[in-house]
Amino acid sequence: MEKAAAKIKNMEAAKALVNRWKSEGKKVVFTNGCFDILHLGHVDYLEKARALGDKLVLGLNTDDSVSRFKGPSRPIQNQHSRAHVLASLQSIDLVVFFNDDTPLHLISELQPNVLVKGSDYLAGNIVGADVVKKAGGVVKTIAFVPGYSTTTIVEKIKKT
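Per this note's numbering, the sequence shown starts with residue 2, numbered consecutively.
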């Protein structure tokens, strides 16, 4: 758990680490989300995102922001549990929380080379796309594995 915990940073430490990676010539990829109940779709998405660069930074919604976005019954797992589980994945190099409704501030601070979201987003509508493109970066979308979503899992559990 110590190794995973070392990947979880606050904004200042995350910015310093990302800047160091970029100064070493590494391509930094950024994605974000709630990742409330980790499933195959998440793991596939994160592995594909990581393959787009040398380092993968995950902006993780805080509990408050998940509740505002998904409703009062979410998240199911608290932010510390979600962060540790995600940080234990080989594909993730850094986890940083954000409490805003969008990750725009985090993206603006970190200035990743690649911004990634799921294919349910149009590249032009992705929050922070303009910031990344203005800095010379690219925006990509990744197709989801059909049939896997946290909402579907929660509904299935409720029926049992």
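Positions of the beta carbon are idealized from the N, C-alpha and C atoms, including for glycine.
Check the Cα spacing between S109 and each of A52, S82 and V132: the tightest is with V132. Contact between V117 and T32 is confirmed by a C-beta separation of about 4 Å, below the 8 Å threshold.
Under the DSSP assignment, N114 falls outside any alpha helix (DSSP H); it carries neither an H nor an E label. Looking only at D37, F98 and D94, the smallest Cα-Cα distance to I154 is reached by D37. CA-CA distance, Q78 to F70, rounds to 15 Å. A residue is called buried when at least 16 other Cβ atoms come within 10 angstroms of its Cβ; D121 does not meet this threshold and is exposed.
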